[in-house]
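Number of protein chains: 2
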Amino acid sequence: MHFADKLHERISKIDSRLVIGIDPYPERLFGESSPFARAYPHFTPEKLLIEFCAILIETAEETACAVKPQAAFFESMGLTGIAVLSACLKAARTKGIPVIMDAKRGDIGSTAAAYAKAFLDPDSDFFADALTVNPYLGPDTLEPFARAAAKAGSGLFVLVKTSNPGSGAFQDQILEESGERLYTKVARAVTDLGAANIGRCGYSHVGAVVGATYPSELKALREVLSSSYLLVPGYGAQGGTAHDVRHAFRPDGAGAIVNASRSIDYAYEALDEGIDKDAIRRAIYDAARKAQKDLNNVAKPTPST
Amino acid sequence: MHFADKLHERISKIDSRLVIGIDPYPERLFGESSPFARAYPHFTPEKLLIEFCAILIETAEETACAVKPQAAFFESMGLTGIAVLSACLKAARTKGIPVIMDAKRGDIGSTAAAYAKAFLDPDSDFFADALTVNPYLGPDTLEPFARAAAKAGSGLFVLVKTSNPGSGAFQDQILEESGERLYTKVARAVTDLGAANIGRCGYSHVGAVVGATYPSELKALREVLSSSYLLVPGYGAQGGTAHDVRHAFRPDGAGAIVNASRSIDYAYEALDEGIDKDAIRRAIYDAARKAQKDLNNVAKPTPST
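Going down the list, the sequences are from chains A and D.
Whatever position you read off the first sequence (first residue = 1), add 6 for the working numbering.
Whatever position you read off the second sequence (first residue = 1), add 6 for the working numbering.
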């Protein structure tokens, strides 16, 4: 099945445009001062990491259109972290939750093909429904990813305009050739890359990452990226609001998915006391449910009266 | 010890500017049609991979200033590949060979810090002497890498002008603000990023990747990147020659290191027959020795007559 159709279907089925980011910060999960670790006494860091992923996947079953594990945090925990990442990808996929592997890979030619094999080949330990990729090396370097993704029924999300404070330094540069900004040129390359593989829903398998923290750029890029799903990070802990992301959606409420990581993953840290296993699950679930509703409120067409 | 000083010292000590890339292509190493696999009957893919790394590290001891494992190929072999990568990094470092981890990572804020922890923290399973990083997300996203590298005595190589045919699509764009190309702006950010941490040798711990396949850009960037070591890929199988990379070096023969991967790693494939273990080692060693000499010929100042 085509990636965009799979995503589109999932969004309708559970009525959610929320992506739950799986961002295991070691300093928040492990150690004596961690409320998470205190709720699971005698758990090793590995078992804590497995439990953290399991809670988020369980939450996503009812509240999210996808989960997005962030490779960096798993890699920072070495071989153990990467083994848990592999298990986490499989666990989510087994439950039918689309997995967006946030690894921001990018390299040239045959090396790009090797990364594609790692994340977009169904036989790989790291197979995912979609992968984030970095465009700096040029559109030719994205082609091996796009081919592998199309073959596997997976998707890509290409970095276009990122959510960090300094994303403008290179991405916002105005180009002499066209008077357009670099991110617009990258966006056009994204459209081209997916043009030959449009799903029934009208979107290609090549999406784009556009940050919630830049609402006017998000609105402009929604137009340029006419056949791409947008993956919108920066909502929640980074400061983007549901109001900020409203222009990411098409009038029919489709076309974008919005990621929240820390505001959901660590929702229990806001509790004053009594942070036990149940309280952790409940706080995470409630935060996800609230994000789901907030996003639906801005995304879905107002019913006519 | 400062990364640039460590590299500088190694270059002098073994008189080599060659970096041996460790690029294990599964289709060339495994399977019945692989001459490598046929030379090691009864070896599992894992053992073949370990042996391949060991031969290249042994070769590098005498011929190369550094080795550069390419993360993509190891990741494409799943958990097994990554475990071998970790062992390979340790084996090279134990022999005193600087390891440049070619992972081209890049992400924002605390996620960048997590990648830095994975590759630039001495306690990590993936600790390396240097890491390649991607600048698209902005200079602010490179700072966590630069800080972690400085602390560990490691280095960075930031992608500036890559060696692939399509690298110009974004990197060569002329910017309205300055009339300069994007890669020049990125190069200036690289200089700034390392400015506060210059080693005794006069170079900072933040280097730049500039492809051998673009000799005139390489010459221009050598000037802009006044305090950076250049890591030059694209020599050998990608078509760059020793003549093409001559401008990467300073008049004193320092300032650049040149990577060759496939032309060394698979040198034995050019043999007509008799590809046994010894022939493989010899072909790889001879190819590395030849590359070392060719690079020295263009890099080192001609002795005055």
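No residue lacks a Cβ here, since even glycine has one placed at the ideal position from N, Cα and C.
Only a predicted model underlies this, so the values are computations on that prediction, with no experimental measurement involved.
Bridge partners - residue i, DSSP secondary structure assignment
i	result
residue 28 (chain D)	D:75
residue 206 (chain A)	Answer is none; residue 206 (chain A) lacks a bridge partner.
residue 180 (chain A)	A:187
residue 216 (chain A)	A:167
residue 246 (chain D)	D:241
residue 262 (chain D)	D:236
Residue interval of the beta strand (DSSP E) (run including residue i)
i	result
residue 162 (chain D)	161-167
residue 138 (chain A)	136-139
residue 110 (chain A)	106-111
residue 236 (chain D)	236-238
Short Cβ contact (9 Å threshold) for residue i with residue j
i	j	result
residue 23 (chain A)	residue 244 (chain A)	no
residue 313 (chain A)	residue 26 (chain A)	The first residue shown for chain A is 7 and the last is 311, placing residue 313 (chain A) beyond what the model contains.
residue 63 (chain A)	residue 20 (chain A)	no
residue 122 (chain D)	residue 155 (chain D)	yes
residue 75 (chain D)	residue 51 (chain D)	no
residue 126 (chain D)	residue 158 (chain D)	yes
residue 10 (chain A)	residue 204 (chain A)	yes
residue 295 (chain A)	residue 254 (chain A)	no
residue 58 (chain D)	residue 42 (chain D)	yes
residue 162 (chain D)	residue 230 (chain D)	no
residue 267 (chain A)	residue 61 (chain A)	no
residue 137 (chain D)	residue 140 (chain A)	no
residue 167 (chain A)	residue 177 (chain A)	yes
residue 172 (chain D)	residue 170 (chain A)	no
residue 248 (chain A)	residue 214 (chain A)	no
residue 117 (chain A)	residue 290 (chain A)	no
residue 304 (chain D)	residue 265 (chain D)	no
residue 14 (chain D)	residue 202 (chain D)	no
residue 198 (chain D)	residue 257 (chain D)	no
residue 78 (chain D)	residue 78 (chain A)	no
Cut-off 6 Å between Cβ atoms - residues of its own chain near residue i, not counting five sequence neighbours on either side
i	result
residue 55 (chain D)	30 and 90
residue 250 (chain A)	218 and 221
residue 98 (chain D)	63, 73 and 105
residue 209 (chain D)	10, 233 and 235
residue 7 (chain A)	159
residue 246 (chain D)	218, 219 and 240
residue 107 (chain D)	125, 134 and 137
residue 252 (chain A)	304
residue 242 (chain A)	266 and 269
residue 206 (chain D)	11
Cβ shell of residue i (< 7 Å), same chain only, five flanking positions each side left out
i	result
residue 293 (chain A)	269, 270 and 273
residue 40 (chain A)	34
residue 67 (chain D)	101 and 103
Limits of the unbroken alpha helix (DSSP H) element including residue i
i	result
residue 304 (chain D)	283-305
residue 90 (chain D)	84-100
residue 17 (chain D)	9-20
residue 63 (chain D)	51-69
residue 120 (chain A)	115-126
residue 229 (chain D)	221-230
residue 153 (chain D)	149-158
residue 146 (chain A)	Looking at the DSSP string, residue 146 (chain A) is not in any alpha helix (DSSP H), and its letter there is neither H nor E.
residue 40 (chain D)	Segment: none, residue 40 (chain D) is in no alpha helix (DSSP H) and carries neither H nor E.
residue 270 (chain A)	268-271
Proximal residues to residue i (C-beta, below 8 Å), its chain only, five neighbours per side dropped
i	result
residue 191 (chain A)	181 and 184
residue 35 (chain A)	42, 43, 51, 54, 55 and 58
residue 37 (chain D)	43
residue 46 (chain D)	53, 54, 57 and 283
residue 263 (chain D)	13, 17, 23, 24, 25, 71, 72, 235, 236, 237 and 238
Review point. For the 8 Å Cβ check, are there 3 or more pairs between the stretch 268-277 of chain A and the stretch 286-303 of chain A?
Key: Touching, yes.
Check your understanding: Are at least three pairs of beta-carbons, each pair with one atom in the stretch 73-93 of chain A and one in the stretch 126-142 of chain D, less than 8 Å apart?
Key -> The answer is yes - the stretch 126-142 of chain D touches the stretch 73-93 of chain A, with three or more Cβ pairs under 8 Å.
**Study point:** Stretch pair the stretch 108-115 of chain A + the stretch 185-202 of chain A: three plus CB contacts closer than 8 Å
**Key:** At 8 Å Cβ cutoff, the stretches do not touch.
Review point. Touching or not, the stretch 146-156 of chain A and the stretch 146-164 of chain D, by the rule of three or more beta carbon pairs under 8 Å?
Key: No, the stretch 146-156 of chain A is not in contact with the stretch 146-164 of chain D.
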